[in-house]
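Numbering (our numbering) for the sequence shown: 549 to 651. Glycine included, each C-beta is placed from N, C-alpha and C at the ideal position. Note that this is a predicted model, so its numbers are computed, not measured.
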Amino acid sequence: MATTKIKKGDMVKVIAGRDKDKEGKVISVNRKNHTLLVEGINMVTKHAKPSMQNQQGGIVHQEGPIDVSNVMYLHKGKPTRIGFKMDGDKKVRFAKSTGDVID
């Protein structure tokens, strides 16, 4: 399977959908479905039964999954595409707009 370009902890900007132009931090990545959860983006309401974790139950607001194609990585506050290159014998991500190595 191909390497994921966006990883947990990255700052991203939404480029499509109802939350267009919003920014947030990636909470989790689902590589199988090509979706991710972003802080404060695509908020959905869920009706939860009372449980040990949530004694009260009721309506819970939480992030819903968003497709990877609808977000762009933020590098120095600007959205950019991500590429891969070899740095010695290590594969690293780099910002295509500036050429800077991300990690």
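Neighbour-count burial assignment, residue i, 16 or more Cβ in a 10 Å radius
i	result
A564	exposed
N590	buried
R641	buried
Pair within 9 Å by beta-carbon distance, residue i and residue j
i	j	result
T583	V608	no
L606	H623	Correcting the residue identity first, residue 606 is Gly in this sequence and not Leu. Cβ distance not < 9 Å, so G606 and H623 don't count as in contact.
V586	Q610	no
D637	V649	no
P613	Y621	no
Residues that DSSP places opposite residue i in a beta bridge
i	result
N578	T583
P627	L622
T593	H609
G490	Because the chain here runs from 549 to 651, residue 490 falls outside it and cannot be looked at.
V560	G572 and Y621
CB-CB length for residue i against residue j, believed under 8 Å
i	j	result
V619	K580	Not confirmed; about 17 Å, so no contact.
I630	K644	7 Å
F632	T552	That pair is no contact at about 11 Å.
Worksheet item: At a cut of 8 Å, does the stretch 573 to 590 reach the stretch 553 to 564 through at least three beta carbon pairs?
Response: Segments in contact, yes.
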